[in-house]
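Report on the following structure.
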């Protein structure tokens, strides 16, 4: 229960959520695994509020200072994994650019030059350039919010066009080989690979599964958290640590029906005797490290004599198999936990084209049937068309 006078409460997924009203009239939300954690984040947010747009004297601040302050501000309101991406981009590319010259500010000129420099960076792939410019745009938009030249400056930040690469998937034969090796593997955690092939789970979501997430009565699996290894920014602590947090988006929190054969597997037999709060793949209150699962996955591919692919290829394979079986795109999108159907459509455009070809083939079958039943009529129609074309 929330304490009186505070907008902090415990959610159904076990996390605590708090909110505070910003000067813009909109709410700022904070999340943590404990009440104390939310309280601390709310306090830090209030303490680190800064005026990004201008000093009281009217003199604009240096760009490097504004970006540094923005990063401090955003650290208390985004997921640690997101903050890590922001930190890497701002300190590796943005701040060094604005520190080249003294008192270099955020203007149409400096923003144009930064975008040009990012485009010309041959060491970065187009996808990395797009990611960095996306973060840069988010920062600039928040820093300059309300200023007269905000829209003009934001409009200068254009993303490079990236080639839509065809997603990697396993063939049906390769999938069967991997499943066979996983099923007979002495490490029961190999069953996680099988689970991904038939649910489309992300690696982090798989490692974060607890026994209480499985509902044997309804035959469903509830995805409510993810595990990631993130960088520690406190020098006193280890460089990286496992972080358990909310999934990628709100839509990623989902309930997935499980095929009956998965529910009948031996690993599920002792379900009732398990500590429901333990993680499935560690049998403890500490999740399995995604990097270790990656190593297990690589070993399975080698044993199955299958070409090495990223773990995410299993997720792509699940979606492709679903399309091949005629599952509609909306259902696939919800099973995958995509925030919008358009993401699913864009990612699996190639697979969808195969479905479209199969659909058009049905018109060919319809034509053949009509030709058999009404041959003379159809033939006559073509003769009329040919005669009109000749004229």
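Numbering (full-length UniProt numbering), first residue to last: 1 to 391. Quick reminder that beta carbons are idealized off the backbone N, C-alpha and C, glycines included.
1. Which residue from 147, 201, 355 and 352 puts its Cα closest to that of residue 252?
2. Suppose you measure from the CA of residue 63 to the CA of residue 347; what does that come to, to the nearest Å?
3. Is residue 281 buried or exposed, if buried means 16 or more other CB atoms sit within 10 Å of its CB?
4. State the start and end residues of the unbroken beta strand (DSSP E) segment that holds residue 254.
5. In chain order, what residues of the same chain have a beta carbon less than 6 Å from the beta carbon of residue 98, not counting five sequence neighbours either side?
6. Taking the straight line between their C-alpha atoms, what separation do you get for residue 290 and residue 284?
7. Who are the near neighbours of residue 276 in its chain, counting only those whose CB is closer than 6 Å to its CB and skipping five residues on each side?
8. For residue 355, which residues of its own chain have a beta-carbon under 6 Å away from its beta-carbon, when the five flanking residues on both sides are left out?
9. Give the list of continuous alpha helix (DSSP H) stretches no shorter than 4 residues that lie fully inside the stretch 70-144.
10. Considering only the beta carbon of each residue, do residue 256 and residue 320 sit closer than 9 Å?
11. Would you list the residues sitting across from residue 226 in a DSSP beta bridge?
12. Can you grab the Cα-Cα spacing for the pair residue 244 / residue 172, in whole Å?
13. Do you know how far the Cα of residue 10 is from the Cα of residue 39?
14. Cα separation between residue 271 and residue 278?
15. So what's residue 14 in DSSP terms, helix, strand or just coil?
16. Quickly, what does DSSP pair residue 161 with across the bridge? List them, please.
17. Measuring straight from C-alpha to C-alpha, what distance separates residue 111 and residue 82?
18. Tell me which residues share the same chain as residue 45 and place their Cβ nearer than 6 Å to its Cβ, disregarding the 5 neighbours each side in the sequence.
19. Taking residue 73 as the reference, give the member of 262, 330, 331 and 41 with the closest Cα.
20. Go ahead and label residue 250 buried or exposed: buried means 16 or more other beta carbons lie within 10 angstroms of its beta carbon, across all protein chains shown.
21. Where do the ends of the beta strand (DSSP E) carrying residue 32 lie?
22. List the whole-angstrom C-beta distance separating residue 317 from residue 333, where the pair is believed to meet the contact cut-off of C-beta under 8 Å.
23. I need the DSSP call for residue 202, collapsed to helix, strand or coil.
24. Using C-beta distances below 7 Å, list every residue in its chain close to residue 169, excluding the 5 sequence neighbours before and after it, in chain order.
25. Using the Cβ count rule (16 or more neighbours within 10 Å means buried), how would you classify residue 360?
26. Does the contact criterion of 3 or more C-beta pairs under 8 Å hold for the stretch 299-306 versus the stretch 215-229?
27. Roughly how far, in whole angstroms, is the beta-carbon of residue 182 from the beta-carbon of residue 193, given that I think they are within contact range, below 8 Å?
28. Given this structure, state the Cα-to-Cα distance separating residue 226 from residue 150, to the nearest angstrom.
29. Between residue 198 and the ligand GTP, is the CB less than 8 Å from at least one heavy atom?
30. Give the straight-line distance between the Cα atoms of residue 196 and residue 248, rounded to the nearest whole angstrom.
31. Once you ignore the five residues that flank residue 162 on each side, which residues in its own chain have a CB closer than 8 Å to its CB?
32. Considering only residues of the same chain and omitting the five flanking positions on each side of residue 295, which have a CB-CB separation below 8 Å?
33. List the residues that DSSP assigns as beta-bridge partners of residue 210.
34. Going by alpha carbons, who is nearest to residue 14 out of 191, 147, 108 and 35?
From the atom records:
1. Here the closest residue by C-alpha is 201.
2. So the alpha carbons of these two residues sit roughly 37 Å apart.
3. That one is buried.
4. 254-257 is the span of the beta strand (DSSP E), which, as asked, contains residue 254.
5. Within its own chain, the residues whose Cβ lies closer than 6 Å to the Cβ of residue 98, once the five positions on either side in sequence are excluded, are 63, 64 and 104, listed in chain order.
6. Looking at the two C-alpha atoms, the distance is approximately 15 Å.
7. The beta carbon of residue 276 sits closer than 6 Å to the beta carbons of 211 and 212 from its chain, once the five residues preceding and following it are set aside; these are given in chain order.
8. Excluding sequence neighbours, residue 355 sits near 323.
9. With a minimum length of 4 residues, the continuous alpha helix (DSSP H) runs that stay inside the stretch 70-144 are 80-89, 95-98, 108-119 and 126-143.
10. Contact: no.
11. Residue 226 has 245 as its beta-bridge partners, per DSSP.
12. If you draw a straight line from the Cα of residue 244 to the Cα of residue 172, it comes to about 33 Å.
13. Whole-angstrom Cα-Cα distance: 12 Å.
14. Rounded to whole angstroms, residue 271 to residue 278 spans 11 Å at the Cα level.
15. Three-state result, residue 14: coil.
16. Looking at the DSSP output, residue 161 bridges to nothing.
17. Their Cα atoms are separated by approximately 23 Å.
18. For residue 45, the CB contacts under 6 Å within the same chain, skipping 5 residues up- and downstream, are 76 in chain order.
19. Nearest to residue 73 by C-alpha distance, out of 262, 330, 331 and 41, is 41.
20. The residue is exposed, with fewer than 16 neighbouring Cβ atoms inside 10 Å.
21. Here the beta strand (DSSP E) through residue 32 covers 27-32.
22. That belief does not hold up - the Cβ atoms of residue 317 and residue 333 are roughly 16 Å apart, past 8 Å.
23. In this structure, residue 202 counts as coil in the three-state DSSP scheme.
24. Residues 313, 316, 317 and 320 of the same chain have their beta carbon placed closer than 7 Å to that of residue 169, with the five preceding and five following residues left out of the count.
25. With fewer than 16 other Cβ atoms within 10 Å, it is exposed.
26. No: fewer than three Cβ pairs fall under 8 Å.
27. The pair is a contact, with the Cβ atoms about 5 Å apart (cut-off 8 Å).
28. Rounded to whole angstroms, residue 226 and residue 150 show a C-alpha spacing of 36 Å.
29. In terms of ligand content, the structure shown is empty, and the ligand GTP therefore cannot be addressed.
30. Answer to the nearest angstrom: the Cα atoms are 17 Å apart.
31. If the five residues before and after residue 162 are omitted, its C-beta is found closer than 8 Å to the C-beta atoms of 126, 127 and 130, all from its own chain and listed in chain order.
32. Cβ within range, chain order: n/a, list empty.
33. Paired residue(s): 279.
34. The shortest C-alpha separation from residue 14 is found at 35.
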